[in-house]
Amino acid sequence: MLISLIIPTYNERKNLSELIRRIDNSLSKINYEVIIIDDNSPDGTGKLAEKLSKTYPVKVIHKKERGLALAVVTGFKHARGEILLVMDADLQHPPERIPYFLKEIKNADIVIGTRYTGVSFKRKIISKGAKLLVMILFSSIRKLKEPHSGFFMLKKKVIEDVKLEPIGFKILLEILLKGNYKNVVEVPFVFGERKKGESKLNVREILNFLRHVLSLKLGL
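Our numbering numbers the first residue of the sequence shown as 6 and each following residue consecutively.
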């Protein structure tokens, strides 16, 4: 079975080569494809991805409109696999955990990576605030530890005929509220420290998350 890895990028040139090598090592016995959706990175991330595609099973999509979640939706449309994985390109989501996701997806529709440790104090506060808001507004997914995770796997059938309209960085929450699924499994992982490049988390993205949550609540 083909596994499609959806990886949005913006100015991640310094991390991309190592990421692809680690993915290939982790999935050496798995039929997989990597779909890089680059938001017109000025640092040459897209060009490097094209170069890597000559050695690895990488497909590159160049997109001018910025937005991580929108990039993920674009990746879904181009994915050929029946199993989809979404992850960041900054090496904070360890590719070595993907085989564990694959083991769990056999008996689940969605597998969510939950950050066990390695999270900075700032991210902990933001994450706890996001989780509290979700718990208050959406009782159906209240029991999940991290319904806003950016590291997750799902069967393609979960999003078939589902209209996704994400805002900002997060898309899993919308999938959990609109998707076609029964079983969700959470898999812990150590959140890696960003060593190269700059974090995209800022006030604007926090406000986008709040806008997204509000639009989902009003639309249900």
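Just so it is clear, CB atoms sit at the ideal spot from N, CA and C, and this is done for glycine as well.
Bounding residues of the alpha helix (DSSP H) (the contiguous stretch that carries residue i)
{"i": "Leu-177", "result": "177-183"}
{"i": "Lys-56", "result": "50-57"}
{"i": "Ser-154", "result": "Note, Ser-154: premise wrong, no alpha helix (DSSP H); not H, not E."}
{"i": "Gly-80", "result": "73-83"}
{"i": "Lys-148", "result": "Here Lys-148 belongs to no alpha helix (DSSP H), and DSSP marks it neither H nor E."}
{"i": "Leu-186", "result": "Here the sequence assigns Tyr to residue 186, which means Leu is not the residue at that position. That residue, Tyr-186, is in no alpha helix (DSSP H); it is neither H nor E in DSSP."}
Secondary structure of residue i, DSSP reduced to three states
{"i": "Arg-216", "result": "helix"}
{"i": "Asp-43", "result": "strand"}
{"i": "Tyr-37", "result": "strand"}
{"i": "Ser-22", "result": "helix"}
{"i": "Ile-103", "result": "helix"}
{"i": "Val-167", "result": "coil"}
{"i": "Ile-110", "result": "helix"}
Residue i and residue j closer than 8 angstroms at C-beta
{"i": "Lys-175", "j": "Ala-84", "result": "no"}
{"i": "Met-92", "j": "Leu-10", "result": "yes"}
{"i": "Ile-41", "j": "Thr-60", "result": "no"}
{"i": "Ser-154", "j": "Thr-119", "result": "yes"}
{"i": "Glu-109", "j": "Val-192", "result": "yes"}
{"i": "Val-189", "j": "Asp-95", "result": "no"}
{"i": "Val-5", "j": "Val-63", "result": "Absent from the structure is residue 5, since the part of the chain shown begins at 6 and ends at 225."}
{"i": "Pro-47", "j": "Asn-16", "result": "yes"}
{"i": "Ser-31", "j": "Glu-101", "result": "yes"}
Range of the contiguous beta strand (DSSP E) that encloses residue i
{"i": "Ser-9", "result": "8-14"}
{"i": "Pro-193", "result": "189-195"}
{"i": "Lys-160", "result": "157-160"}
{"i": "Val-63", "result": "63-67"}
{"i": "Ile-88", "result": "88-91"}
Contact belief for residue i with residue j at Cβ below 8 angstroms, rounded distance in angstroms
{"i": "Phe-5", "j": "Ile-28", "result": "Given that the chain is displayed from residue 6 to residue 225, the structure contains no residue 5 and the question cannot be resolved."}
{"i": "Arg-216", "j": "Ile-172", "result": "5 angstroms"}
{"i": "Phe-157", "j": "Ile-117", "result": "5 angstroms"}
{"i": "Ile-8", "j": "Asn-36", "result": "7 angstroms"}
{"i": "Thr-222", "j": "Leu-142", "result": "The displayed chain sequence assigns Lys, not Thr, to residue 222. That belief holds up - the Cβ atoms of Lys-222 and Leu-142 are roughly 5 angstroms apart, short of 8 angstroms."}
{"i": "Leu-90", "j": "Phe-106", "result": "7 angstroms"}
Own chain residues within Cβ distance below 6 angstroms of residue i, not counting five before or after
{"i": "His-67", "result": "Asp-43, Gly-51"}
{"i": "Gly-49", "result": "Arg-18"}
{"i": "His-98", "result": "Met-92, Phe-156"}
Cut-off 7 angstroms between Cβ atoms - residues of its own chain near residue i, not counting five sequence neighbours on either side
{"i": "Lys-162", "result": "Asn-185"}
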